[in-house]
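Peer 1: Starting off with a structure, shown below.
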Amino acid sequence: MIIQPKTRGFICTTAHPEGCARQVRRQIDYVQSKPSIAGPKNVLVVGASTGYGLASRIVASFAAGANTIGVYFDKAAEGSRTATAGWYNSAAFEQAAQESGRKSFSVVGDAFSDEIKAKTIDLIKTELGKIDLVVYSVASPRRTHPKTGETFSSVIKPIGPAYSNKTVNFHTGEVTVATIEPATDDEVRQTIAVMGGEDWQMWIDALREADALSEGATTVAYSYIGPEITHAVYREGTIGRAKDDLEATALRLNDQLGSIGGRAFVSVNKALVTQSSSAIPVVPLYISALYKVMKEKGIHEGCIEQMYRLFSERLYAAGSTPVDEKGRVRLDDWEMRDDVQAEVDRIWAQLSTDNIDELSDIAGYRREFFQLFGFETDGIDYEADANPEVEIPNLR
Ligand code: NAD
Numbered sequence: 001m002i003i004q005p006k007t008r009g010f011i012c013t014t015a016h017p018e019g020c021a022r023q024v025r026r027q028i029d030y031v032q033s034k035p036s037i038a039g040p041k042n043v044l045v046v047g048a049s050t051g052y053g054l055a056s057r058i059v060a061s062f063a064a065g066a067n068t069i070g071v072y073f074d075k076a077a078e079g080s081r082t083a084t085a086g087w088y089n090s091a092a093f094e095q096a097a098q099e100s101g102r103k104s105f106s107v108v109g110d111a112f113s114d115e116i117k118a119k120t121i122d123l124i125k126t127e128l129g130k131i132d133l134v135v136y137s138v139a140s141p142r143r144t145h146p147k148t149g150e151t152f153s154s155v156i157k158p159i160g161p162a163y164s165n166k167t168v169n170f171h172t173g174e175v176t177v178a179t180i181e182p183a184t185d186d187e188v189r190q191t192i193a194v195m196g197g198e199d200w201q202m203w204i205d206a207l208r209e210a211d212a213l214s215e216g217a218t219t220v221a222y223s224y225i226g227p228e229i230t231h232a233v234y235r236e237g238t239i240g241r242a243k244d245d246l247e248a249t250a251l252r253l254n255d256q257l258g259s260i261g262g263r264a265f266v267s268v269n270k271a272l273v274t275q276s277s278s279a280i281p282v283v284p285l286y287i288s289a290l291y292k293v294m295k296e297k298g299i300h301e302g303c304i305e306q307m308y309r310l311f312s313e314r315l316y317a318a319g320s321t322p323v324d325e326k327g328r329v330r331l332d333d334w335e336m337r338d339d340v341q342a343e344v345d346r347i348w349a350q351l352s353t354d355n356i357d358e359l360s361d362i363a364g365y366r367r368e369f370f371q372l373f374g375f376e377t378d379g380i381d382y383e384a385d386a387n388p389e390v391e392i393p394n395l396r
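According to the UniProt record's numbering, the sequence shown is numbered sequentially starting from 1.
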């Protein structure tokens, strides 16, 4: 069938198999153009099919030569519906990993459930023995608690007063002022339950109980801080409370893993276009301004560049892993540079519908958004027939 993008708000409901495969190949090529990393050998990535998790898996496999297991929540094609982008990405990853002689397996299902944890641990035991790196990169709007059965929904809202700032409809380039009403206490609680550290802790507990972690194993999850412009809606809002919880979990896990000589970190990554970040008000406009400034300064990075730097210059750097005063790895160092933020602030003050194309990289934002789903990718003929039914090798 001919597969074209179909968007509903910030969601694209179709994905292109060959375009996704091409995007994965581009990330593998990037990693293979860089020096290899003396890193982990058996890696579990929870949330492995898109964004930071996919890039982590590619770096582990193609820069460190690791065997990997990816856990993710994606759907195969059905009838006239294409598969999700994460499905096509993972199919392309699995194929490339196996062709290059690395072991790789996929577990598709709800990472929050006991069932998927048990299934993954069985697979580790039979295929890999033990794991020496666990990457936790789940971003989800909902979570059902495995013990109580309660389903939580996460919201992106400020805490305290209502918050107004500029936002953009990145499809049309229209800049408006969005006002977001503050969260209730229960919404804060639910957002922490979805995006905080409880499930990460449950994964590590389950892996330890099954004796599936190697001596000296490392675990990492991802966080964000960002500038003043986004604080009310991000770091000081509901999602920020969840990130506080995630960061506290890292410190706790680091203590607990001490008994096997292990380490736990949160890495504070840079803002970039992913399916999750496009859903946050204000943030896409900030990213458009940020991309403009970072590209002009020659310091722009996407997921793969960030994750290569995480492995090579932070987690597996010679000597100890550099962290900030709160024990966090910082990969947002270039984003947060004073000269970068001063320039973003200057642009932000002027941004409007009339000047958005010239002052920001909204065109780059839009293109990257569609590329997440395999569209707007060089070398793909979107008028040609494509087969949406793609199998994932080694799917468990
Ligand atoms: P993403 O949407 O690209 O990826 C999310 C992954 O989680 C996908 O693989 C998806 O399949 C998986 N997933 C979702 N629900 C699941 C479930 N129930 N079971 C199993 N897998 C599930 O998101 P992302 O932007 O790469 O975010 C990953 C992490 O990085 C998050 O913690 C996010 O807060 C953090 N982060 C993102 C940014 C950014 O700008 N995008 C910046 C800093 C930190």
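Even glycine gets a Cβ: it sits at the ideal position worked out from N, Cα and C.
Can you check whether the CB of LEU253 is closer than 7 Å to the CB of ILE192?
Peer 2: no
Peer 1: Run through DSSP, which three-state label would SER80 get?
Peer 2: coil
Peer 1: Do the stretch 239–255 and the stretch 344–364 make contact, defined as three or more Cβ pairs closer than 8 Å?
Peer 2: No: the two stretches stay apart, fewer than three of their Cβ pairs being nearer than 8 Å.
Peer 1: Tell me which same chain residues have a C-beta within less than 6 Å of the C-beta of ALA63, skipping the five on either side of it?
Peer 2: VAL31, SER36 and ILE37
Peer 1: Given a cut-off of 7 Å, decide if SER61 and ARG102 are closer than it, judged by their beta-carbon atoms.
Peer 2: yes
Peer 1: Inspect the beta-carbon positions of ILE304 and ILE239 and report whether they are closer than 7 Å.
Peer 2: no
Peer 1: Could you check whether the Cβ of GLY298 sits closer than 6 Å to any heavy atom belonging to ligand 1?
Peer 2: no
Peer 1: With distances taken Cα to Cα, identify the nearest neighbour of GLY237 among THR184, SER288 and ALA317.
Peer 2: THR184
Peer 1: Classify PRO284: buried if its beta carbon has 16 or more other beta carbons within 10 angstroms, exposed otherwise.
Peer 2: Its Cβ being crowded by 16 or more others within 10 Å, PRO284 is buried.
Peer 1: If you check the beta carbons only, do VAL138 and ALA111 fall under 7 Å apart?
Peer 2: yes
Peer 1: Taking the straight line between their C-alpha atoms, what separation do you get for LYS243 and ASP199?
Peer 2: 13 Å
Peer 1: Quick one: what does DSSP say ASN394 is sitting in, helix, strand or coil?
Peer 2: Coil, per DSSP.
Peer 1: Which word fits ALA349, buried or exposed, when buried means at least 16 other C-beta atoms lie within 10 angstroms of its C-beta?
Peer 2: exposed
Peer 1: Please report the straight-line C-alpha distance between GLU335 and THR148, rounded to a whole angstrom.
Peer 2: 40 Å
Peer 1: Mapping DSSP to helix, strand and coil, what is TYR72?
Peer 2: In the three-state reduction of the DSSP assignment, TYR72 falls in the strand class.
Peer 1: Check this for me: beta carbons of VAL282 and THR120, under 7 Å apart or not?
Peer 2: Going by C-beta atoms, VAL282 is not nearer than 7 Å to THR120.
Peer 1: Between the alpha carbons of ALA66 and ILE180, how many angstroms are there, rounded?
Peer 2: 44 Å
Peer 1: What distance in whole Å lies between the Cβ atoms of THR274 and GLY51, which are believed to be in contact at a cut-off of 8 Å?
Peer 2: 4 Å
Peer 1: Going by C-alpha to C-alpha distance, which of ARG309, GLN201, TYR286 and PRO158 sits closest to ARG235?
Peer 2: PRO158
Peer 1: Does the beta-carbon distance from ALA55 to MET294 come in below 7 Å?
Peer 2: no
Peer 1: Where in the stretch 184–244 do unbroken runs of the alpha helix (DSSP H), each at least 4 residues long, occur, reported from the N-terminal end onward?
Peer 2: Along the length of the stretch 184–244, whole alpha helix (DSSP H) runs at least 4 residues long occupy 185–195, 198–209 and 228–231, reported in chain order.
Peer 1: Between the C-alpha atoms of ARG330 and GLU383, what's the straight-line distance to the nearest angstrom?
Peer 2: 43 Å
Peer 1: Around the Cβ of GLY53, are there at least 16 other Cβ atoms within 10 angstroms (buried) or fewer (exposed)?
Peer 2: That one is buried.
Peer 1: ASP132 lies in the beta strand (DSSP E); which residues open and close that run?
Peer 2: 131–136
Peer 1: I need the DSSP call for TYR163, collapsed to helix, strand or coil.
Peer 2: In the displayed model, TYR163 falls within a strand according to three-state DSSP.
Peer 1: Our contact map puts LEU44 next to ILE116 with C-beta atoms below 8 Å; I'd like the distance itself, whole angstroms only.
Peer 2: In fact, because the Cβ distance is near 12 Å, the residues do not count as touching under 8 Å.
Peer 1: In the DSSP output, which residue or residues are listed as bridge partners for ALA178?
Peer 2: ASN165
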